[in-house]
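Novice: Residue numbers (this note's numbering): 44 to 531. For every residue, glycine included, the Cβ atom is placed at its ideal position computed from N, Cα and C. Here the structure is a predicted model, which means the values were calculated and not measured.
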Amino acid sequence: MRGGHWWGPRAGGGHVSEEICFASARDLARRIAARDLSAREVLQAHLDQIERTNPQVNAIVTLVAERAERQAREADERLAAGEPPGPLHGLPVAHKDTHATAGVRTTSGSPIFADHVPDRDELVVERIRAAGAVTLGKTNTPEFAAGSHTFNPVFGLTRNPYDPSRSAGGSSGGAAAALACGMQALADGGDMGGSLRNPASFCNVVGFRPSPGRVPSWPVLAGWSTLGVQGPMARDVADVALLLSVLAGPDPRSPIALETPGSAFAVPLDRDLAGLRLAWSPDLGGTIPVDPAVTAALEPAAKVFEELGCAVEEASPDLAGADEVFRTLRAWHWDITLRPLLDERRADFKPSLAANIDAGRSLTGADLGRAETLHTALFHRVREFFERYDALLMPVSQVPPFDAAAEYPEEVAGRPMRDYLEWMRSCYLISATGCPALSVPAGFTSDGLPVGLQIVGPHHADLAVLRIGRAFERATRHGERRPPLALP
């Protein structure tokens, strides 16, 4: 509903089942397949939870309840008829509002597309639906997914479930908040500069930026670009792996798609970490400012890994040039994708995004050539770093969840931020490396705000990163702490 909220009294709402809404996606899928639970029961519990909690956070912005009820009924009927269930059979999922969904409004958080209804699914949605998921609707995102704070002129602001006065992060902020509140079992998202990792950190869930090409994207204008990726979010690492097993795998429509099938991630994640060599970098060797509250929350992490048998030492890769690489390629991306719209409807763009598009317009061939040269040199330095270490541990975000009324933190640890990107260098510098990176819950500040640990692995070591994250979450259990507003 444009200009308002869709929620209100629903017939037969009933009591929210905490057991269902906060069960793992793996457990729900198993119970539905065993006919211990019906897809309709699972859906109803989530619809009740959405009705109760979404008005407080504004995470799901388009709800297609009648369509979801029809899909859940059909899922139960197929199972009763003896059809084999898919890996996500009957699981309720709301898609990020930048991901095209056939027959469901997809706005990208922009007034330009406030009434846009696509006639086809994009690839990630296509794969999730083919795996048997039930479509709930769409989750909120910043305008065109630009920025790590979720607000837009179409649906407004998404709030943090642990403190509604704070940001839920972005750009997959609606997805993260909906997961934290038990409104959906799994979530899809995208990550160019931290859009899967930052909201996961802010909302105490798990977000994974896979290796470029691991989750192929289609349709896209810049099919060869490796800067932006799509990927999974969930409440624990094993559920992230479940969704990755559906999203990953080759597709002829993507020129960079990796050949490894998704089934490679449908394996047990538990492993002995003894003997792993881990680098711990609290501030990337002093190159990024980090709020002391984040540093304090992450301080115990190194000891946890040591107790798991890892050798941990403080070390940082040389990321010289990564800032220029990211900013240049990001501006180029915005220019080729949004310049025609900006030329036609500049008044409908937020100033920070318009400035990024204009920066891309001013790029020269020499600028892009320099970025590619720096990018290649960066790859080799990071490759050599990971010859000495199995993974890098560092903050996801340089700040805890900040005031939701601000567009971005204007300073971090006393250092002024030049724009709405700089406070997320801890994520976007890693994006420039092309390495897989996981955000896993790692603790809370003294005032109860979530803080995530970022686990970065070598190129294409996605499974290894997930296994390290799984061991950490099982040892610490920070992700099991739910936001009070989400509980009955």
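Check the DSSP bridge columns for THR519 and list the partner residues they point to.
Specialist: Taking the sequence shown and counting its residues from 1, one reaches residue 519 at position 476. Note: THR519 sits in no beta bridge, so no partner.
Novice: For GLY81, name the three-state secondary structure that DSSP assigns.
Specialist: Start at 1 with the first residue of the sequence shown, and residue 81 comes out as number 38. The question names Gly, but residue 81 is Ser in the sequence shown. Of the three classes helix, strand and coil, the one that applies to SER81 here is coil, per DSSP.
Novice: Roughly how many angstroms lie between the CA atoms of GLN114 and ARG121, to the nearest whole one?
Specialist: In the sequence shown, the residue the question calls residue 114 occupies position 71. In the sequence shown, the residue the question calls residue 121 occupies position 78. Distance between the alpha carbons of GLN114 and ARG121: 10 Å.
Novice: For LYS181, name the three-state secondary structure that DSSP assigns.
Specialist: Residue numbering aside, residue 181 sits at position 138 when the sequence shown is read from its first letter. Strand.
Novice: I'd like to know if PRO259 contacts chain B, where contact means its C-beta is closer than 9 Å to some C-beta of that chain.
Specialist: In the structure shown, chain B cannot be found, because there is only a single protein chain.
Novice: Please report the residue range of the alpha helix (DSSP H) in which VAL283 lies.
Specialist: Within the sequence shown, residue 283 is the residue found at index 240, counting from 1. Note, VAL283: alpha helix (DSSP H), 280-290.
Novice: Please look up how many angstroms separate the CB atoms of VAL563 and LEU179, rounded, as I've assumed it's under 8 Å.
Specialist: Past the boundaries of the shown model lies residue 563; the chain is included only from 44 to 531, so the question cannot be answered.
Novice: I need the straight-line Cα distance from ARG252 to GLU415, nearest angstrom please.
Specialist: Here residue 252 corresponds to residue number 209 of the sequence shown, with the count starting at 1. Here residue 415 corresponds to residue number 372 of the sequence shown, with the count starting at 1. If you take the alpha carbons of ARG252 and GLU415, they lie about 21 Å apart.
Novice: Kindly indicate which three-state DSSP category ARG53 falls into: helix, strand or coil?
Specialist: To locate residue 53, count along the sequence shown from 1; it is residue 10. Unreliable positioning characterises ARG53 in this predicted model, as indicated by a pLDDT of 37, which lies under 50. A coordinate reading is not provided.
Novice: Count the other CB atoms, across all protein chains shown, that sit within 10 Å of the CB of TRP267; report buried if there are 16 or more and exposed otherwise.
Specialist: For the purposes of this step, residue 267 is taken as the residue at position 224 of the sequence shown. It counts as exposed.
Novice: Whole-angstrom Cβ separation of VAL425 and ASN241, contact assumed at under 8 Å?
Specialist: Numbered from its first residue, the sequence shown carries residue 425 at position 382. Numbered from its first residue, the sequence shown carries residue 241 at position 198. Actually they are not in contact, since the Cβ atoms of VAL425 and ASN241 sit about 21 Å apart, beyond 8 Å.
Novice: Helix, strand or coil, according to DSSP, for VAL258 in the structure here?
Specialist: The residue labelled residue 258 in the question sits at position 215 within the sequence shown. Here VAL258 sits in coil by DSSP.
Novice: With a threshold of 8 Å on Cβ separation, who are the neighbours of ALA317 within its own chain once the five nearest residues in sequence on each side are excluded?
Specialist: Within the sequence shown, residue 317 is the residue found at index 274, counting from 1. Excluding sequence neighbours, ALA317 sits near LEU351, GLY352, CYS353.
Novice: What do you get for HIS159, buried or exposed, if any count of 16 or more other CB atoms within 10 angstroms of its CB means buried?
Specialist: Residue mapping note: residue 159 aligns to position 116 of the sequence shown, counting from 1. Classification of HIS159: exposed, given that the 10 Å Cβ count is below 16.
Novice: Do you know whose CA, among HIS89, VAL85, LEU372, lies nearest SER405's CA?
Specialist: On the sequence shown, position 362 is the one that residue 405 refers to. Of HIS89, VAL85, LEU372, the residue nearest in Cα terms is LEU372.
Novice: Check PHE392 in the structure and name its three-state DSSP category.
Specialist: Taking the sequence shown and counting its residues from 1, the one referred to as residue 392 is at position 349. In this structure, PHE392 counts as coil in the three-state DSSP scheme.
Novice: Give the secondary structure of MET276 by DSSP, where H, G and I count as helix, E and B as strand, and everything else as coil.
Specialist: Indexing the sequence shown from 1 puts residue 276 at position 233. Of the three classes helix, strand and coil, the one that applies to MET276 here is strand, per DSSP.
Novice: Return yes when the Cβ of PRO128 is within less than 9 Å of the Cβ of ALA72, no when it is not.
Specialist: Position 29 of the sequence shown, counting from 1, holds the residue named residue 72. Position 85 of the sequence shown, counting from 1, holds the residue named residue 128. Cβ atoms of ALA72 and PRO128: closer than 9 Å.
Novice: Which partner residues does MET437 have in the DSSP bridge list?
Specialist: Position 394 of the sequence shown, counting from 1, holds the residue named residue 437. The partner list for MET437 (beta bridge, DSSP) reads GLN497.
Novice: Report the partner residues of ASP206 according to the DSSP bridge assignment.
Specialist: Mapped onto the sequence shown, residue 206 falls at position 163. In DSSP, ASP206 forms a bridge with ASN203.
Novice: Taking only the alpha-carbon atoms, compute the straight-line gap between PHE487 and ALA243 and give it to the nearest angstrom.
Specialist: For this step, residue 487 is matched to residue 444 along the sequence shown. For this step, residue 243 is matched to residue 200 along the sequence shown. Taking the straight line joining both Cα atoms gives about 13 Å.
Novice: Rounded to the nearest angstrom, how far is the Cβ of ALA434 from that of ILE511, given a contact under 8 Å?
Specialist: Sequence index remark: in the sequence shown, residue 434 carries index 391 (1-based). Sequence index remark: in the sequence shown, residue 511 carries index 468 (1-based). The Cβ separation is near 6 Å, so the contact holds.
Novice: May I ask you to report which of helix, strand or coil DSSP gives ALA322?
Specialist: Counting from one through the sequence shown, the residue named residue 322 turns up at place 279. It is a strand residue.
Novice: Is the separation between the beta-carbon of GLN273 and that of VAL258 shorter than 9 Å?
Specialist: Residue numbering aside, residue 273 sits at position 230 when the sequence shown is read from its first letter. Residue numbering aside, residue 258 sits at position 215 when the sequence shown is read from its first letter. For GLN273 and VAL258, yes; Cβs fall inside 9 Å.
Novice: How would you write the range of the alpha helix (DSSP H) that GLU415 sits in, first residue to last?
Specialist: Start at 1 with the first residue of the sequence shown, and residue 415 comes out as number 372. Element bounds for GLU415: 408-428.
Novice: What did DSSP end up calling PHE65 once you bin it into helix, strand or coil?
Specialist: Along the sequence shown, read from residue 1 onward, the residue named residue 65 stands at position 22. Three-state DSSP puts PHE65 in coil, outside helix and strand.
Novice: What did DSSP end up calling GLU126 once you bin it into helix, strand or coil?
Specialist: By 1-based counting over the sequence shown, the position of residue 126 is 83. Coil.
Novice: Can you tell which of LEU287, LEU90, ALA76, ASP234 has the C-alpha that lies nearest to the C-alpha of CYS64?
Specialist: On the sequence shown, position 21 is the one that residue 64 refers to. Residue LEU90 is the option with its Cα nearest to CYS64.
Novice: I'd like to know whether the C-beta atoms of SER210 and GLY216 end up nearer to each other than 9 Å.
Specialist: For this step, residue 210 is matched to residue 167 along the sequence shown. For this step, residue 216 is matched to residue 173 along the sequence shown. Yes. Within cutoff.
Novice: Within 10 Å of its beta-carbon, does SER238 have 16 or more other beta-carbons around it, so buried, or fewer, so exposed?
Specialist: Stepping through the sequence shown from its first residue, residue 238 is reached at position 195. By the 10 Å Cβ count, SER238 comes out buried.
Novice: CB LEU285 to CB ARG69, shorter than 9 Å?
Specialist: Here residue 285 corresponds to residue number 242 of the sequence shown, with the count starting at 1. Here residue 69 corresponds to residue number 26 of the sequence shown, with the count starting at 1. A contact, by the Cβ cut-off of 9 Å.
Novice: From what residue to what residue does the beta strand (DSSP E) around GLY233 run?
Specialist: Along the sequence shown, read from residue 1 onward, the residue named residue 233 stands at position 190. 229-234 is the span of the beta strand (DSSP E), which, as asked, contains GLY233.
Novice: From what residue to what residue does the beta strand (DSSP E) around THR105 run?
Specialist: Taking the sequence shown and counting its residues from 1, the one referred to as residue 105 is at position 62. Counting along the chain, the beta strand (DSSP E) containing THR105 begins and ends at 103-106.
Novice: May I ask you to check if the CB of GLU356 is nearer than 8 Å to at least one heavy atom of the ligand ATP?
Specialist: The ligand ATP is not part of this structure, which contains no ligands at all.
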